[in-house]
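Working notes, beginning with the structure itself.
Residue numbers (the numbering used here), protein chains in the order written: chain A, 1 to 336; chain B, 1001 to 1434.
Structure below.
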């Protein structure tokens, strides 16, 4: 249902807003493209001309270091011109509406917006209101989706495990407020893992979470049994307010990933975290830095995955515009 | 002075209690001629050669029904004229076949005074599109703390009291509001909301979980309904629950009525037509308050209307300027512009076998009038000539520029609607003609 906005008539990506509604083949194409682009980062001259002459605007309404800088690097490695705009919420309340701001940026002949916004659905809204031909890449919207994070996690899993079939994956932490978890769950199920588990107290689980295609555990020790991939989520400090959790201490005691607990998973299980890490809150330092951790691989893969989706979305837009132009040319020929 | 005379020829009219039992059961009665004069229905099917009509309306293929009574309409004036004015929104009401409506107190300034009530009354009389019955503010400034001057509001023709979607500070204040309203024999219209649970922007369920929008749990309504029923019982006030959205609330109202309490309820037409599925694409036109809930809730609300547990259907008309809906979902303003499309929406309910058109009409005439304790609109000689002439088989594509309301925030634009209001007659004059 949500896929129609982001696909061309021939089923190619033209925006990248959510993993939801994308086929296994398309997700695999993103991973394969990213794989082929990893090599660019290892060259002396780290550039390919896929987005040469294009202008990419990084539009961040929420603070971000890792995501924004990997998007910037990805765009530059694709030879695009990059404009970074950081708008904290106080600045948007000057009175200019989001639509007006976008129109202004479009007037500067931008070809792609990479958008992060605190509201779920913000990138959908933007994709529906921009001029045809401009691609939108979602860099995280509210609690809804963070599809490039999910895809870089999938790439990391595939590099380490070879395939998705048969895998059991546990996602531990604040599922309720997590766009990362929602996108990961969708991607993992589409790519055909054996089981996705969520492990959290009930205050951090959304209603009917099982409808996302997960099994639910309140007990981390039970939930870790037989697991191949462990994904930890960052616990925001503000969750101690509003009676979601009593204290960081009790959370760590019940849900923190320690060396002891890691032994409950399969011996070759990998440990992932989208960052930034709260050491001693959701994960023990030694686990974050240990042999089974692939947290830094995730960051490296982030650049390749972002290069992949940016180039795919741009080529989808170009193809759609070409078809449109041809159609117009034919029509005017008929008239003359 | 010339006295306006109108005749309606050759249609079907809704039966009224003055007709015989058999006609009542078939609902519609063929007529040849209805004569209107002096704001009243002068005669039905009488050969009256002296009557020379100024306006003759061909009713072939049409239903003639009493003008609809809408319990909850945001007219937006004074204060929010970018969204609508008393003139534009009563014009839209007339286009929807409505001849009587209650307007919410959420204006700027808020209608908590005689002055604002009088202003609304004057502007409505000037517009002369329909009868406007203001709902006065239950508390000063709708702030939920101090009583408004109920005697003054009643004196200024406020029909009942409401606090809209603004919460009352605590239960002690609710109790006193109810006691003071009872003192003045005024009904209280309450949108049942427990504010601390009402933090989200859509129904809390699988879809809110999937798309990551903060959900409003059923509990936000059901907990409030049970408290309100207790308070109404204790104070003896007539409690009217505005725009119920949950199955559990319907069950509670049913039980309260069975216990003999004077409790009534209404439902917004969009909650009878749509569910939270409509929000799955972040479509802000479906951002409603109360939220569109589950299919089970929708079916329970329909059943509530059929069994008269829910007395009335309302448009809950909330016109907005375009910019109010052009933002990420949670930042958009809630509400739909719907008063013009009540009958096409009802036709859709009938087509899908959700609700009979006659049950809809009954809820928007008799049901609503009983809530307001006003005369029940009916088509009979000597009754007020508030009528809607409606062609149930005309189909047309709704174009944006053909919408009378200032608010174009309806999902029906571009859709084929079946059922068209041909003419609305308000107090014996044509208030709308298509």
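Yeah, the Cβ is synthetic: ideal placement off N, Cα and C, and Gly gets one too.
None of the values given here were measured: they were computed from a predicted structure.
| Query | Result |
| --- | --- |
| Taking C-alpha atoms, which residue in A/232, A/231, A/250 lies nearest to residue 240 of chain A? | A/250 |
| Along chain B, which residues have their Cβ under 9 Å away from the Cβ of residue 207 of chain A? | 1204, 1205, 1206, 1208, 1209, 1215, 1217 |
| Let me know the secondary structure DSSP gives residue 81 of chain A once reduced to three states. | strand |
| Between residue 98 of chain A and chain B, is the shortest Cβ-Cβ distance under 8 Å, so that the two count as touching? | yes |
| How would you call residue 1099 of chain B, buried or exposed, if buried means at least 16 neighbouring beta carbons within 10 angstroms? | buried |
| Quick check: residue 236 of chain A and residue 1330 of chain B, are their CB atoms within less than 8 Å of each other? | no |
| Relative to the C-alpha of residue 1326 of chain B, which candidate in A/101, A/265, A/82 has its C-alpha closest? | A/101 |
| Can you give me the start and stop residues for the alpha helix (DSSP H) that residue 251 of chain A sits inside? | 248-255 |
| For the beta strand (DSSP E) that contains residue 139 of chain A, what are its first and last residues? | 135-141 |
| What are the residues that DSSP puts in a beta bridge with residue 1184 of chain B? | Residue 1184 of chain B is not bridged to any residue. |
| Measure the C-alpha to C-alpha separation of residue 1105 of chain B and residue 1370 of chain B and round it to an integer number of angstroms. | 21 Å |
| Below 6 Å CB to CB, which residues in the same chain sit around residue 1425 of chain B once its five sequence neighbours on both sides are set aside? | 1385, 1387 |
| By alpha-carbon positions, which one of B/1301, B/1037, B/1039, B/1055 ends up nearest to residue 1009 of chain B? | B/1055 |
| Since residue 1377 of chain B contacts residue 1132 of chain B with CB under 8 Å, what's their CB separation in whole angstroms? | Residue 1377 of chain B to residue 1132 of chain B, Cβ: 16 Å. No contact. |
| If we define contact as Cβ-Cβ less than 8 Å, is residue 1328 of chain B a contact residue for chain A? | yes |
| Residues in the stretch 1310-1340 of chain B with C-beta within 8 Å of chain A's C-beta atoms, listed in sequence order? | 1323, 1326, 1327, 1328, 1329, 1330, 1331 |
| Since residue 154 of chain A is in the alpha helix (DSSP H), which residue starts that stretch and which ends it? | 147-161 |
| By the three-class DSSP mapping on this structure, what secondary structure does residue 177 of chain A have? | coil |
| Can you grab the Cα-Cα spacing for the pair residue 307 of chain A / residue 71 of chain A, in whole Å? | 8 Å |
| Got a sec? Which residues, its chain only, sit under 7 Å from residue 1111 of chain B by beta carbon, not counting five neighbours each side? | 1105, 1117, 1120, 1134, 1136, 1137 |
| Which residues in the same chain as residue 217 of chain A place their Cβ atom closer than 6 Å to its Cβ, once the five residues preceding and following it in sequence are excluded? | 197, 199, 223 |
| If contact is defined by three or more beta carbon pairs under 8 Å, each pair taking one atom from either stretch, is the stretch 1337-1347 of chain B in contact with the stretch 1262-1276 of chain B? | yes |
| For a minimum of 4 consecutive residues, which ranges assigned as the alpha helix (DSSP H) are wholly contained in the stretch 1322-1402 of chain B? | 1342-1351, 1357-1362, 1368-1372 |
| Does the count of Cβ pairs from the stretch 300-314 of chain A and the stretch 24-41 of chain A closer than 8 Å reach three? | yes |
| Using three-state DSSP, classify residue 112 of chain A as helix, strand or coil. | strand |
| Go through its chain and collect everything with a Cβ distance to residue 1219 of chain B's Cβ below 6 Å, but skip five positions before and after it. | 1197 |
| Determine, using beta-carbon pairs with one atom in the stretch 292-300 of chain A and one in the stretch 154-162 of chain A, whether at least three such pairs fall under 8 Å. | yes |
| Ordered along the chain, which non-local residues of its own chain (more than five positions away) have a Cβ less than 7 Å from that of residue 90 of chain A? | Residue confidence for residue 90 of chain A is low, a pLDDT of 44 falling below 50, so the modelled location carries little weight; the figure read from the coordinates is stated next. Here the set comprises nothing. |
| Just to make sure I have the definition right: I need the residues of chain B whose C-beta is within less than 9 Å of the C-beta of residue 212 of chain A. Which are they? | 1206, 1209, 1210 |
| Among B/1163, B/1161, B/1285, B/1362, which has the Cα closest to the Cα of residue 1476 of chain B? | Outside the modelled stretch of chain B, which goes from 1001 to 1434, sits residue 1476 of chain B, for which no answer is possible. |
| Which residues, in order along the stretch 114-127 of chain A, keep a beta-carbon less than 7 Å from a beta-carbon of chain B? | 117, 119, 120, 121, 122, 124, 125 |
| Could you check the C-alpha separation between residue 1303 of chain B and residue 1277 of chain B for me, to the nearest Å? | 20 Å |
| Starting from the beta carbon of residue 144 of chain A, find every residue of chain B whose beta carbon is closer than 7 Å, and list them in chain order. | 1211, 1212 |
| Using 8 Å as the threshold, is the C-beta distance between residue 1031 of chain B and residue 1041 of chain B below it? | no |
| Let's see if you can read the secondary structure: which residues bound the beta strand (DSSP E) around residue 230 of chain A? | 229-232 |
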